Amino acid sequence: MSLPPDYLERVYAGVLGKIIGVYLGRPVENWRYQEIVEKIGEVRSYLSPHRGKPIVVTDDDIAGTFTFLRAIEDYGYDPAITAAQIGQTWLNYIIENVTILWWGGLFHSTEHTAYLNLKRGIPAPQSGSIELNGPVIANQIGAQIYIDGWAMIAPGNPKLAADFAERAARVSHDDEAVHAARLIAAMESLAFVEKEIDHLLDSGLQFIPPKSLISQLAQDVRRWVAQDGNWRETYRRISESYGYKKFIGGCHIIPNHALFLLGLLYGQGDFSQSLAVTCSCGWDTDCNAGNLGCLLGIRNGLSAFDGEIDWRGPVADRLFLSTADGGRAITDALREAVRIVNIGRALKNLPPFFPKGGAQFHFSLPGSVQGFQAENARLSNPSGQGLEISFSPTLKRRWARASTATFILPADLQMDGYPLLASPTLYPGQRVRALLRADQANQSPVETGLFLRFYNSMDQPELLHGPLVSLRPGETMELSWIIPGLDGCPIFEIGIQAKGKGLSGLSESAPCLRVILERLGWEGCPEVEFRRPKRPDGRYPELWRRAWVQAVDHWENRFQHAFRIIQDRGRGMLITGTREWKDYRVSSIITSALFGSGGIAVRVQGLERFYALELVRGRKVRLSKYLVGEHVLAELPFDWEIWHPYRLTLTAVGPRLQGWIDDALTFDVTDLNTPLLEGGVALTVYEGHLATHAVRVEKPTDG
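Using this note's numbering, you'd call the opening residue of the sequence shown number -1 and step up by one each time.
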């Protein structure tokens, strides 16, 4: 089938449905039905604000869904991608005991067990098999949690979606859990072309064994719904026949899949009603509501979120993907939707789609705000043409502002549950461009410009203004700003500020002024030296360290060296930067303490995909490519000494890599075998101790 004409909107709605369902269900995750009845009644709107908690949080269901899907990008958009390759993707993006998974222990947490199997060298699908892990562990809920993306890259192709979902599910699960994943993925794929709920279920059931327990469960729930006409009575039947007393483990697939079906069948396509039923029943509420929300988002498009409840406003498209690829951590529903759509297009041999020239923020669908939040203003995007920033003309000493996160915002620094690991998306030396238009109806010119906020050396937010311009009513202008150096401090926010110009004597009822941000993005190589910022009081700041994803056992912050890292077992890394970095030069003066190997890395795309220039025990220096294991590109004897500082420099331009020790060109290699062409930077250390004061990234020089 060809791709649907409204493919982007439906995927965007599916992503929104997923994250809204998770945010709705998370506050009552693992609650029992009776507890919800007594304390809440029904779950019909976001509960977090009533408890003084944020709605948008890190969550395994969201992070796993949009991270494991990257396997197909990393393996060349191959529709025959294997379970083993998806398992390798787990090892690349997951930081052990920290990100994505519930780290509940061997043969207690299904995903943790599968991860340990993968790490021991047991590939998928064996890593998730009943033979290895037993029937209880293999039949928990995670198989269906993470599969929504696999359906969205196969719109209208339920067999392909189900096959993708099975391969992904078998990394960690087996048996009935895999059947549940196949059923939901097939239904989500069909939802692009079919709206009738019963037909979706009937068609989806064709892709699982008719004698499976999941198939029997679906038929029972459907029959009870028709008989009862009351979801609470049907829940009672589910609890008696398929409840946790009969299906043991941390979070078994059968009871929770039943509640997914219960909400689907009683809601009959209504987003709010469906999620209210599923969440009000308890058990694994965020997982169940996340899958159901995604299905209904795909089915209904953006109209799914219409009605009395404001589902989209409090979320503002925001989501977090806390992984070893920190530059993707701070993201939004529209950006993730575009990535999914481009995978779907690649599978059809179609070129990628880059709205408005590839700007990071393009607001191309109605209601999308891409994480932007307002100060002294109101934001809207009724038509998908741009972000409208409306503000009072009586503002004199205060700016109206609209800004979005480029790193961890102050309100998100302390987050319950899963830690938020992230690298900034914007760095000094890069050029920010914004296309801004003043509304034709404005009664006066508007003074406007870019601004950013960063964490200063005292770990406090600080604002920096960009150049200001004046926009006449109806005028359009592109703003441009090269981000200056900030003494190693990380940028956490970028935005637009505006106020009326030359206004006086206006009443509070004067018409609002309005500017429309049509797009905002940045480009170019960073020019930045990462080092510990200097505090006036001589103490060591902390927040600059949060800009590095710590995949290393120890990183001390009480010694002279800003980067003093130690890895006890295996390889450790400190990572920063983004996938958008392509050609650049990185250098650092490494103090070579005792280690198996250590040095610098470029084009870093996680823990298993990068190039590294490293000093190696045994008096060697080595240039390696890490891609499903280490591949030595070049190696030479080098009589390096412990505690002697060496300047390591590694330049990447296209497939060409050049490595220097101090001022001597040591390696000059062109990698033509599946080269890595983008990614951030890292310090690497294998079983030992490495130290340096700074890491510098800059434009490559000739030669």
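Positions of the beta carbon are idealized from the N, C-alpha and C atoms, including for glycine.
Since we're looking at a predicted model, the values are computed, not measured.
- Around the Cβ of S622, a 10 Å sphere holds 16 or more other Cβ atoms; the residue is buried.
- Here DSSP, grouped into helix, strand and coil, assigns I151 to coil.
- Classified as buried, I70 has 16 or more neighbouring CB atoms from the shown chains inside 10 Å of its CB.
- Judged by DSSP secondary structure, W658 falls within the beta strand (DSSP E) whose first and last residues are 654 to 659.
- Residue environment for E386: buried (at least 16 other C-beta atoms within 10 angstroms of its C-beta).
- Contact check between the region 653 to 673 and the region 627 to 637: three or more CB pairs, one atom from each, fall below 8 Å, which counts as touching.
- A Cβ-Cβ separation of about 6 Å places L1 in contact with K346 under the 8 Å criterion.
- Annotation: the continuous alpha helix (DSSP H) that includes P253 extends over 251 to 265.
- Nearest Cα to K499 within the set Q441, F359, Q458: Q441.
- Between L45 and V26, the gap from beta carbon to beta carbon is short of 8 Å.
- Taking the C-beta atoms as reference points, L181 is found no nearer than 8 Å to I143.
- In this structure, F64 sits near E334, with a CB-CB distance shorter than 8 Å.
- Annotated as distal: A331 and L518, with beta-carbon spacing of 8 Å or more.
- Spatial neighbours of Q428 in its own chain (CB-CB distance under 7 Å, excluding positions within 5 residues in sequence) are listed in chain order as I481, W520, E521, G522, P524.
- Going by C-alpha positions, E554 is about 45 Å away from D173.
- The criterion of a C-beta distance shorter than 8 Å is not satisfied by S390 and Q371.
- Rounded to the nearest whole angstrom, the C-alpha separation of F449 and W638 is 46 Å.
- Rounded to whole angstroms, P47 and V54 show a C-alpha spacing of 10 Å.
- Residues D457, N555 of the same chain have their beta carbon placed closer than 8 Å to that of E540, with the five preceding and five following residues left out of the count.
- Around the C-beta of P253, 16 or more other C-beta atoms lie within 10 Å, and the residue is accordingly described as buried.
- P465 carries a strand assignment under DSSP once its states are collapsed to helix, strand and coil.
- The beta-carbon distance between R451 and E491, rounded to whole angstroms, is 4 Å. This is short enough to meet the 8 Å contact definition.
- If the five residues before and after E676 are omitted, its C-beta is found closer than 8 Å to the C-beta atoms of R577, E578, W579, K580, R601, Q603, all from its own chain and listed in chain order.
- A straight line joining the alpha-carbon of G324 with that of N115 spans about 25 Å.
- In the structure shown, M185 adopts helical secondary structure according to DSSP, grouped into three states.
- L319 is a Cβ neighbour of A61, given a cutoff of 8 Å.
- Per DSSP, the unbroken beta strand (DSSP E) holding F449 starts and ends at 444 to 453.
- Of H360, G23, D200, the smallest CA-CA separation from L257 is found for G23.
- By DSSP's assignment, L646 forms a beta bridge with S586, I659.
- Contact between the region 286 to 293 and the region 507 to 517 is not established, with fewer than three Cβ pairs separated by less than 8 Å.
- By the criterion of a C-beta distance shorter than 6 Å, A160 is surrounded in its chain by R180, A183, A184, F205, once the five residues flanking it on both sides are discounted.
- Under the three-state reduction of DSSP, Y684 is assigned to strand.
- Here P52 has S46, A409, D410, M413 as same chain residues with Cβ atoms under 8 Å from its own Cβ, once five neighbours each way along the sequence are excluded.
- Look at I92 here: in three-state DSSP terms it is coil, with no helix or strand label.
- Under the three-state reduction of DSSP output, A632 falls in the strand class.
- The three-state reading of DSSP puts W520 in strand, counting E and B together.
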